[in-house]
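>
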Amino acid sequence: MDVGANIFVGNLDSEVDEKLLYDTFSAFGVILQVPKIMRDPETGNSKGFAFINFASFEASDMAMEAMNGQFLCNRAISVSYAFKKDAKGERHGTAAERMLAAQNPLFPKDRPNQVLFHSLQTFCHIRLVLYI
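Dropping the structure here:
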């Protein structure tokens, strides 16, 4: 079952990258994986939309309310719940999905940084240096 606080961000300027999306939207809550900008497979250019997966529905609700219609790189963006994969027009964020997520012991609300770190490893090479 596909349960998650996934949002769709549309009308993105071609200058918007994953870091800008992460920096902008992480103000609303924990993001579970690096934002996914959809790109043309041949050119690598942005298709103008992205998906962001939050750790909680509260964070995704705040992000949608605050950012829908706001300007990012001189373009008004649209922010809404993403459509579920293979669900024939159903969007994330339904009451039933929220209840399932709240009861799911695997929902990563107690370890979001661990999940994000794992996601970032696939996005970029990370080295940790500890100074003692």
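Anchor point for the sequence shown: position 66 equals 66 in UniProt numbering, and the numbering is continuous, going up by one each time.
Even for Gly, the Cβ is constructed at its ideal location relative to N, Cα and C.
What is the DSSP secondary structure of Ser14, reduced to helix, strand or coil?
Coil at Ser14, not helix or strand.
> What is the DSSP secondary structure of Ser78, reduced to helix, strand or coil?
Here Ser78 sits in strand by DSSP.
> So for Pro112, helix, strand or coil by DSSP?
Residue confidence is low: Pro112 scores 48 on pLDDT, short of 50, so the model does not pin down where it sits. No coordinate-derived value is stated.
> For the 8 Å Cβ check, are there 3 or more pairs between the stretch 40-51 and the stretch 4-18?
Yes, since at least three Cβ pairs between the stretch 40-51 and the stretch 4-18 fall closer than 8 Å, the two stretches touch.
> Pick from Leu20, Val16, Lys19 and Phe25: whose alpha carbon is nearest that of Asn53?
Comparing Cα positions, the closest option is Phe25.
> When the Cα of Ser80 is compared with those of Ser60, Leu72, Cys73 and Gly29, which residue comes out closest?
Looking at the Cα atoms, Ser60 is the closest of the given residues.
> Between the Cα of residue 142 and the Cα atoms of Val30, Leu72, Leu20 and Asn68, which residue gives the shortest distance?
Since the first and last residues shown for the chain are 1 and 132, residue 142 lies out of range.
> Going by Cα to Cα distance, which pick from Ala27, Ile7, Pro35 and Phe8 is closest to Lys19?
Taking only the C-alpha atoms, the option nearest Lys19 is Pro35.
> Out of Ala55, Ile7 and Ser56, state which residue places its alpha-carbon closest to the alpha-carbon of Ile37.
With distances taken between Cα atoms, Ile37 lies closest to Ile7.
> So, under 8 Å CB-CB, Ala55 and Leu21 are touching, yes? Tell me the CB distance rounded to an integer number of Å.
Ala55 to Leu21, Cβ: 16 Å. No contact.
> Can you give me the Cβ contacts of residue 162 inside the same chain, cut-off strictly under 8 Å, excluding the 5 residues immediately before and after it?
Any question about residue 162 goes unanswered here, given that the chain covers just 1 to 132.
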